[in-house]
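For reference, the structure discussed in these notes is given below.
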Amino acid sequence: MAMTSQCDNKNSSRAVVAKPERLLLAGVAPSNRPPPLTVKLLHARLLRLDLLAALSPLLLRALSSSALHLHALRLHCLLPNPSHLTFPIALKSASRLPHPLRAGEQLHARSLKLPSHTNPHVLTSLLTLYARCGLLHRAQRVFDEMPHPSTVSWTALITAYMDAGDLREAVHVARNAFANGMQPDSFTAAEGVRPDCYAVAGALSACTRLGALDLGRQAIRMVDWDEFLDNPVLGTALIDMYAKCGSTAEAWVVFQQMRKKDIIVWNAMILGLGMTGHEKTAFTLIGQMEKSGVKLNDNTFIGLLCSCTHTGLIQDGRRYFHNMTKLYHISPRIEHYGCIVDLLSRAGLLQEAHQLIDDMPMPANAVILGALLGGCKIHRNAELAEHVLTQLIRLEPWNSGNYVMLSNIYSNRGRWEDAAKLRLDMKEKGVEKVPACSWVEFEGKVHEFRVGDKSHPLSDQIYKKLDELGLEMKTMGYEPTTEVVMFDVEDEEKEHTLVHHSEKLAIAFNLLVTGPGETIRVTKNLRVCSDCHTAIKLISRITHREIIVRDNNRFHCFRDGSCSCNDYW
Numbered sequence: 001m002a003m004t005s006q007c008d009n010k011n012s013s014r015a016v017v018a019k020p021e022r023l024l025l026a027g028v029a030p031s032n033r034p035p036p037l038t039v040k041l042l043h044a045r046l047l048r049l050d051l052l053a054a055l056s057p058l059l060l061r062a063l064s065s066s067a068l069h070l071h072a073l074r075l076h077c078l079l080p081n082p083s084h085l086t087f088p089i090a091l092k093s094a095s096r097l098p099h100p101l102r103a104g105e106q107l108h109a110r111s112l113k114l115p116s117h118t119n120p121h122v123l124t125s126l127l128t129l130y131a132r133c134g135l136l137h138r139a140q141r142v143f144d145e146m147p148h149p150s151t152v153s154w155t156a157l158i159t160a161y162m163d164a165g166d167l168r169e170a171v172h173v174a175r176n177a178f179a180n181g182m183q184p185d186s187f188t189a190a191e192g193v194r195p196d197c198y199a200v201a202g203a204l205s206a207c208t209r210l211g212a213l214d215l216g217r218q219a220i221r222m223v224d225w226d227e228f229l230d231n232p233v234l235g236t237a238l239i240d241m242y243a244k245c246g247s248t249a250e251a252w253v254v255f256q257q258m259r260k261k262d263i264i265v266w267n268a269m270i271l272g273l274g275m276t277g278h279e280k281t282a283f284t285l286i287g288q289m290e291k292s293g294v295k296l297n298d299n300t301f302i303g304l305l306c307s308c309t310h311t312g313l314i315q316d317g318r319r320y321f322h323n324m325t326k327l328y329h330i331s332p333r334i335e336h337y338g339c340i341v342d343l344l345s346r347a348g349l350l351q352e353a354h355q356l357i358d359d360m361p362m363p364a365n366a367v368i369l370g371a372l373l374g375g376c377k378i379h380r381n382a383e384l385a386e387h388v389l390t391q392l393i394r395l396e397p398w399n400s401g402n403y404v405m406l407s408n409i410y411s412n413r414g415r416w417e418d419a420a421k422l423r424l425d426m427k428e429k430g431v432e433k434v435p436a437c438s439w440v441e442f443e444g445k446v447h448e449f450r451v452g453d454k455s456h457p458l459s460d461q462i463y464k465k466l467d468e469l470g471l472e473m474k475t476m477g478y479e480p481t482t483e484v485v486m487f488d489v490e491d492e493e494k495e496h497t498l499v500h501h502s503e504k505l506a507i508a509f510n511l512l513v514t515g516p517g518e519t520i521r522v523t524k525n526l527r528v529c530s531d532c533h534t535a536i537k538l539i540s541r542i543t544h545r546e547i548i549v550r551d552n553n554r555f556h557c558f559r560d561g562s563c564s565c566n567d568y569w
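All the letters of the sequence shown, read from the start, carry residue numbers 1 to 569 under UniProt numbering.
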């Protein structure tokens with residue numbers, strides 16, 4: 001009888017533990033999260049049953065999943081011996097607070113007193129928190145403490161630099177990650193996480209934004225090819241990289257081979273085709289999408305409208321904009337209005353574009369006004385440009401390009417006092433002009449150039465090459481643009497620097513270090529100026545090279561003296 005009683009007590013105890021445990025496990029599952037009140041009641045019950053220590057990781061996870069972040073942090077403070085299982089959850093909750101730094105520093109200080117401080121998962125969570133606070137130097141210091149960083153750790157650091165806009169450092173970290181053969185560890189595998197997928201997607205994204213195609217190809221080799229074809233996340237990242245690095249053919253091959261295509265994959269391919277001037281293929285994909293049973297969404301129409309914008313298809317753009325609301329019942333977002341305003345403005349329909357902005361159900365943002373300004377630049381409408389720029393300066397008081405543009409409009413119209421006043425205002429506010437720069441990738445390293453730059457080790461050879469090209473271009477009738485045109489002043493438009501613009505330096509460098517016939521890929525942070533556009537067309541004919549330039553506006557594929565934009569940009 002005594003033994004039976006003991007067994008009953010044990011079974012009863014297990015039953016008492018089992019019910020809260022099942023509820024907590026349910027709370028961790030993203031698809032079945034209990035209400036916050038339920039989680040709080042479970043917490044109280046665990047305290048009464050003296051089971052808090054045994055089930056603290058599950059409870060913490062449930063609290064964090066239910067967005068009870070302060071509650072989770074208070075619970076963590078009560079734990080006498082927090083472990084490598086509880087610290088990452090507490091740090092995650094801290095990072096979700098409006099001001100996460102103080103709580104993060106307290107957790108960091110507490111972890112230093114415990115053996116779990118050296119655990120890579122604790123350090124990775126700490127890295128992420130500091131990155132969220134914008135403290136990249138601390139995030140890097142935490143990463144440097146890891147003797148053997150996992151794939152998740154590498155990914156967290158790459159993402160931190162990308163989110164901060166430091167793409168070069170993100171690519172540098174990605175290169176080191178690949179060189180060190182980043183692999184998932186036992187913890188991430190046990191948790192059911194697929195870090196390789198997101199690590200490689202993050203690395204591809206960094207390469208995409210920097211135009212580092214060769215490094216991106218290194219990232220591809222980290223994953224079995226079948227994973228790209230079966231995983232929409234990886235497939236989309238790869239299509240996006242190829243398209244935005246000017247290799248649309250490779251993007252198309254990936255798209256055709258993919259076995260799992262969700263709406264995001266289709267949209268990535270449509271947008272990639274539209275950006276690179278393959279509008280007919282993009283339009284054809286719409287029919288294939290609908291035949292495949294994939295429903296068009298708002299992002300699909302952004303891709304279609306971009307295709308129309310980059311090729312000047314006004315009637316098609318109007319039709320898609322009309323059909324999205326009337327046939328597909330999709331309400332236009334500000335991005336859709338931006339595309340159609342851009343389309344009309346480029347075509348010279350400035351008054352129609354201006355009226356559309358006035359009729360929008362939302363206030364115009366800097367992108368919308370910038371699209372209208374782009375049309376003013378192309379079609380030399382100084383009066384409307386002045387009106388748009390005064391609005392842009394109110395919206396973006398830190399954007400130097402707006403001040404410079406308006407100042408030159410005043411100068412060209414003889415309003416010298418207004419121009420001087422605006423320049424003084426710019427100086428008083430500490431607004432500095434963003435310098436134009438271009439970069440290329442060669443042998444895994446990114447080479448950056450600025451106008452008139454002579455810091456590169458091959459500087460003498462680069463300038464000599466440009467002089468040689470200049471002589472050949474002059475025999476073909478080329479004359480540099482010598483007038484200071486107000487609409488291009490943001491793009492280094494000064495006589496003494498025309499020959500040595502950053503994109504020309506980057507192209508000359510590539511001609512020196514690459515073999516005959518190799519494609520040249522250049523990325524620039526500002527719009528390519530009209531003089532460089534003309535010069536690069538001639539350089540492509542002289543050198544028999546395909547030159548792909550991605551500026552902050554679109555792609556230009558120069559081949560045999562012509563550009564894919566048909567001089568429409």
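Think of the CB as a built atom: it goes at the ideal place given N, C-alpha and C, for glycine as much as any other residue.
Compare the C-alpha of residue i against each of the options and name the closest.
i           : options                : result
L349        : A371, P363, H336       : A371
E383        : E396, S400, W398, Q351 : Q351
L215        : L511, Y410, C245       : C245
G338        : H310, Y328, E386       : H310
G401        : E432, I378, C376       : E432
P516        : M476, M360, R545       : R545
I89         : L73, P363, H137        : L73
L369        : Q391, N381, N412       : Q391
R380        : R346, V549, E396       : R346
C308        : A364, K280, T325, H329 : K280
residue 614 : V233, I270, K92        : Lying outside 1 to 569, the shown extent of the chain, residue 614 is not represented and no answer is given.
F509        : R413, S455, V434       : S455
D144        : M476, V173, I330       : V173
L327        : R110, F301, H99        : F301
A436        : L343, D551, S331       : D551
K261        : Q288, M241, N399, G312 : Q288
Going by DSSP, what residue range makes up the alpha helix (DSSP H) through residue i?
i           : result
E279        : 279 to 291
residue 605 : Shown here, the chain extends from 1 to 569; a query on residue 605 therefore has no answer.
T475        : 459 to 475
N408        : 400 to 412
I368        : 366 to 379
T276        : Run containing T276: none; DSSP gives neither H nor E here.
L157        : 151 to 163
V434        : That residue, V434, is in no alpha helix (DSSP H); it is neither H nor E in DSSP.
R318        : 314 to 326
A131        : 120 to 132
H336        : 334 to 346
L229        : 225 to 230
S502        : 502 to 513
S298        : The amino acid at residue 298 is misidentified as Ser; the sequence shows Asp. D298 -> alpha helix (DSSP H) spans 298 to 311.
V294        : First-last for V294: undefined, no H or E at that position.
R541        : 530 to 543
G104        : 101 to 111
E428        : 416 to 428
E383        : 382 to 395
For residue i, write down the residues that DSSP places opposite it in a beta bridge.
i    : result
S562 : R559
H447 : V440
R550 : T523, F555
Can you tell me where the beta strand (DSSP E) holding residue i begins and where it ends?
i    : result
K523 : It is Thr, not Lys, that sits at residue 523 in the sequence shown. Element bounds for T523: 520 to 524.
Assuming residue i and residue j form a contact by the criterion Cβ under 8 Å, report the distance between their Cβ atoms to the nearest whole angstrom.
i           : j    : result
I334        : N297 : Not really, about 16 Å apart at Cβ, beyond 8 Å.
N299        : N267 : 5 Å
Y403        : L422 : 6 Å
V171        : V446 : 6 Å
G277        : S564 : 4 Å
I286        : G317 : Contact doesn't hold; Cβ gap of about 14 Å is too wide.
residue 573 : K537 : Since the first and last residues shown for the chain are 1 and 569, residue 573 lies out of range.
* Asked: Between the segment 441 to 460 and the segment 499 to 506, are three or more C-beta pairs nearer than 8 Å?
  -> yes
* To do: State whether the segment 526 to 533 contacts the segment 223 to 235, with contact taken as three or more CB pairs (one from each stretch) at a distance under 8 Å.
  => no
* **Touch test, the segment 453 to 466 against the segment 530 to 542, Cβ-Cβ under 8 Å, three pairs minimum** => no
* **Sufficient close CB pairs (3 or more, under 8 Å) joining the segment 96 to 114 to the segment 156 to 163** => no
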